[in-house]
Each structure stands twice: as structure tokens, then as C-alpha cells.
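K.L.:
Supplied in C-alpha cells, the structure appears directly below.
Protein chains in written order, with this note's numbering: chain Z, 1 to 150; chain W, 151 to 300.
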């Protein structure tokens with residue numbers, strides 16, 4: 001079977017995720033304009049929205065909404081893994097921590113480590129790291145994934 | 151003191167949030183176009199992105215990314231409360247659960263209940279309900295808020 005045009009033969013199913021598996025999901029960057037755009041829609045606190053007044057705020061400048069960090073990790077996870085997996089939706093996320101503010105043009109490296117599975121769901125520790133290796137954010141995300149067809 | 155043009159006198163500080171306080175944060179609605187736009191940026195799973203193929207997916211139609219539900223709650227919380235509070239950023243979120251998929255033009259009512267505080271942070275149970283009263287999603291969000299100036 002040399003060809004797999006539908007992608008189905010190479011799709012990942014529930015059984016294909018094993019505790020301890022690690023995924024490097026690549027680099028995430030947002031521009032100041034992307035930070036402001038997200039904030040205007042979803043989280044218009046001034047230190048996410050206004051580069052000028054943010055200078056006098058708690059971060060000394062504009063930083064991304066924490067929800068944008070979660071969203072950026074999700075995009076990296078989608079692109080690297082879920083796009084070829086039999087996902088059934090998103091059911092739970094836990095223990096979200098933001099340790100390092102995400103500033104314009106700052107590179108973060110997304111990573112996932114597979115944890116012990118929940119019934120019918122793949123659980124991963126979702127992390128963002130700075131290029132220097134500091135943990136910038138972490139959470140645990142559970143994604144329902146279908147079992148491999150018999 | 152009849153006037154408060156800066157809003158500072160009426161700002162909410164840490165001490166102003168009391169366990170058991172409840173906030174009705176109003177109604178949230180997203181159009182199909184807004185669901186697709188968010189998905190294209192942050193969570194391009196087909197059941198968030200493509201109204202046609204989503205019909206054959208797990209929800210029988212397009213539904214918003216779970217992260218868009220979190221973001222919509224945050225926007226409601228910002229507009230109703232944080233815009234007049236001495237917030238210092240977002241530190242933690244826990245126990246995110248999505249029970250009911252969010253479909254185009256479906257109304258959800260956002261709500262917050264203040265929990266026992268963490269040190270220097272206001273903790274709330276963040277909920278979305280359907281107009282019929284079904285709990286659609288919930289999480290616990292901690293927001294650092296400055297104490298009232300002496």
C-alpha cells in the first residue's frame with residue numbers, strides 16, 4: 001500500500017498515544033498587532049490591549065492574554081498531531097499556569113508529553129518554554145480520540 | 151465627592167470581592183463566521199473550521215473551539231468587572247470542563263461566583279449556562295487583584 005491519499009491509514013488513534021511520548025510542536029511567536037487583536041476581541045485588559053499604557057502596568061509593557069498562550073499551544077498541537085488524529089472534540093483542561101508573560105515577537109517553544117490516559121481520551125502535559133529553557137506556561141489537556149477501527 | 155472621572159474611587163480592589171458574591175455577566179453569542187475565524191487562527195480542527203464537513207463530525211455541525219468559550223467568558227468578565235478592578239494579570243485557571251458544544255448563534259449566559267480567595271488573588275467559578283439553565287461549561291479562574299491603597 002504505497003499511497004495514502006486520505007491520510008486515514010496514517011492517522012493516529014487512541015492506542016497510538018503512549019505515556020511518556022514527547023512531541024516537540026515547534027515555535028510560537030505573536031506580533032504586537034496579533035496580541036492587540038486578540039485582546040480587543042477577548043481580553044481587553046489594558047496591559048494586553050494598549051502598548052502605551054501597558055508600560056506603566058504590571059508587566060512594564062504589553063503582553064499576550066493568557067488565553068492567547070493556550071490558543072497558540074492548541075494551534076501547535078493541532079498542526080503537529082491532531083490534524084492527523086481521530087479527535088472527537090475537547091473535553092477538559094486542568095492546572096493552567098502562566099509563569100512568564102508572552103511579549104511581542106518573543107519565541108516560545110511548544111511541547112507535549114503524553115500522560116496516563118483517561119478513558120477514551122488522550123491526556124497530555126502541554127508546555128511552553130522559552131528558548132533558554134524556562135517553563136513559560138503549562139496545563140494538562142485531555143482530548144477524546146477514537147480507538148483504531150477493528 | 152460627587153464626581154469620579156478617573157473611575158479610581160469606584161474601582162474594585164481585592165477586599166471588594168467576597169466569597170459567595172455572584173455576578174451575572176450577560177449574554178454571549180458567536181456567529182458561524184466568528185467560530186470559523188477563531189478556529190482558523192487557533193484551533194483548525196474540521197468541526198470548528200468547516201461547516202460542511204462538520205456535519206459528519208462528532209457534533210453534527212460546526213461548534214466553537216473550547217478555547218473560544220473560555221475567551222468569551224473572559225471578555226464578559228473583563229467588561230462587567232475587571233475593567234473597573236485593579237487587576238495585575240492572570241495567573242491560573244483550573245478544572246476547565248466543556249459540557250455543551252457552542253453552536254453558531256446559540257446564546258450562552260456568563261456567570262461568576264466568588265470562591266474563597268487565594269493569597270492576593272480573586273478566585274471565581276466561571277460558568278456558561280444555556281438560556282434553559284443547563285451548565286454548558288465551567289472553570290475556576292484566579293486573577294491577581296491589588297489591595298485597596300492605604
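All C-beta atoms in this analysis are idealised placements derived from N, C-alpha and C, irrespective of residue type, glycine included. As the structure is a prediction and not an experimental result, all values here were calculated from the model.
I need the straight-line Cα distance from residue 113 (chain Z) to residue 299 (chain W), nearest angstrom please.
P.N.:
Going from the Cα of residue 113 (chain Z) to the Cα of residue 299 (chain W) covers about 44 Å.
K.L.:
Alpha carbon to alpha carbon, how far is residue 141 (chain Z) from residue 101 (chain Z)?
P.N.:
Cα to Cα, residue 141 (chain Z) sits roughly 20 Å from residue 101 (chain Z).
K.L.:
Give a yes or no on whether the minimum CB-CB distance between residue 200 (chain W) and chain Z is below 9 Å.
P.N.:
No, residue 200 (chain W) does not count as interfacial toward chain Z.
K.L.:
Kindly list, in the order they appear in chain Z, the residues whose Cβ is closer than 8 Å to that of residue 225 (chain W).
P.N.:
In chain order: 41, 42, 43 and 44.
K.L.:
Report the residues of the segment 23-38 of chain Z with a CB closer than 7 Å to any CB of chain W, ordered along the chain.
P.N.:
Cβ contacts with chain W: none found.
K.L.:
Which same chain residues end up closer than 6 Å to residue 222 (chain W) when comparing Cβ atoms and leaving out the 5 residues on each side of it in sequence?
P.N.:
178, listed in sequence order.
K.L.:
Output needed in chain order: residues of the segment 97-122 of chain Z with a Cβ under 7 Å from some Cβ in chain W.
P.N.:
Those residues of the segment 97-122 of chain Z that come within reach of chain W (Cβ to Cβ, closer than 7 Å) are 97 and 98.
K.L.:
How about residue 149 (chain Z): is its C-beta nearer than 9 Å to some C-beta of chain W?
P.N.:
So no, residue 149 (chain Z) is outside the interface.
K.L.:
For residue 2 (chain Z), which residues from the same chain have a beta carbon less than 6 Å from its beta carbon, with the 5 sequence-adjacent residues on both sides left out?
P.N.:
Note that residue 2 (chain Z) has pLDDT 39, beneath the 50 cutoff, so the model's placement of it is unreliable and the number below is only indicative. For residue 2 (chain Z), where only same-chain residues beyond five positions count, there are no Cβ hits under 6 Å.
K.L.:
Where does residue 290 (chain W) sit, in a helix, a strand or coil, going by DSSP?
P.N.:
In this structure, residue 290 (chain W) counts as strand in the three-state DSSP scheme.
K.L.:
Counting Cβ pairs closer than 8 Å, one from the segment 173-192 of chain W and one from the segment 201-213 of chain W, do we hit at least three?
P.N.:
Yes, the segment 173-192 of chain W touches the segment 201-213 of chain W.
K.L.:
Counting only Cβ-Cβ distances shorter than 9 Å, please list the residues of the segment 229-243 of chain W near chain Z, keeping chain order.
P.N.:
The residues in question are 229, 232, 233, 237, 238, 239, 240, 241, 242 and 243.
K.L.:
May I ask which residues mark the beginning and end of the beta strand (DSSP E) holding residue 246 (chain W)?
P.N.:
Here the beta strand (DSSP E) through residue 246 (chain W) covers 242-248.
K.L.:
Skipping 5 residues on each side, what residues in its chain have a beta carbon closer than 7 Å to that of residue 219 (chain W)?
P.N.:
For residue 219 (chain W), where only same-chain residues beyond five positions count, the Cβ hits under 7 Å are 248, 252, 278 and 287.
K.L.:
Counting only the same chain and skipping the five closest in sequence on each side, list residues whose C-beta sits under 6 Å from that of residue 17 (chain Z).
P.N.:
Cβ neighbours of residue 17 (chain Z) beyond the five flanking positions: 114 and 122.
K.L.:
Once you ignore the five residues that flank residue 42 (chain Z) on each side, which residues in its own chain have a CB closer than 7 Å to its CB?
P.N.:
Excluding positions up to five away in sequence, the list reads 65 and 67.
K.L.:
Quick check: what's the CA-CA separation for residue 274 (chain W) versus residue 237 (chain W)?
P.N.:
So the alpha carbons of these two residues sit roughly 14 Å apart.
K.L.:
Would you kindly check if the distance between the Cβ of residue 44 (chain Z) and the Cβ of residue 233 (chain W) is under 9 Å?
P.N.:
Yes, these two residues count as a Cβ contact at 9 Å.
K.L.:
Does the distance from the CB of residue 175 (chain W) to the CB of residue 230 (chain W) come in under 9 Å?
P.N.:
Result yes, Cβ atoms of residue 175 (chain W) and residue 230 (chain W) sit closer than 9 Å.
K.L.:
Please classify residue 108 (chain Z) as buried or exposed, where buried requires at least 16 other C-beta atoms within 10 Å of its C-beta.
P.N.:
Buried.
K.L.:
Roughly how many angstroms lie between the CA atoms of residue 106 (chain Z) and residue 91 (chain Z), to the nearest whole one?
P.N.:
One C-alpha to the other measures close to 30 Å.
K.L.:
Under a Cβ-count criterion, where at least 16 other Cβ atoms within 10 Å of its own Cβ denotes burial, should residue 135 (chain Z) be classed as buried or exposed?
P.N.:
When all chains shown are included, residue 135 (chain Z) counts as exposed.
K.L.:
Interface residues of chain W around residue 95 (chain Z) at Cβ under 7 Å?
P.N.:
In chain order: 244.
K.L.:
From the DSSP output, in three-state form, read off residue 88 (chain Z) for me.
P.N.:
Three-state result, residue 88 (chain Z): coil.
K.L.:
Between residue 295 (chain W) and chain Z, is the shortest Cβ-Cβ distance under 9 Å, so that the two count as touching?
P.N.:
Closer than 9 Å: no.
K.L.:
Find the residues of chain Z that neighbour residue 167 (chain W), judging by a C-beta separation of less than 9 Å, and give them in chain order.
P.N.:
Here the premise fails: no neighbours, minimum Cβ distance about 16 Å.
K.L.:
Where do the ends of the alpha helix (DSSP H) carrying residue 184 (chain W) lie?
P.N.:
Residue 184 (chain W) -> alpha helix (DSSP H) spans 182-192.
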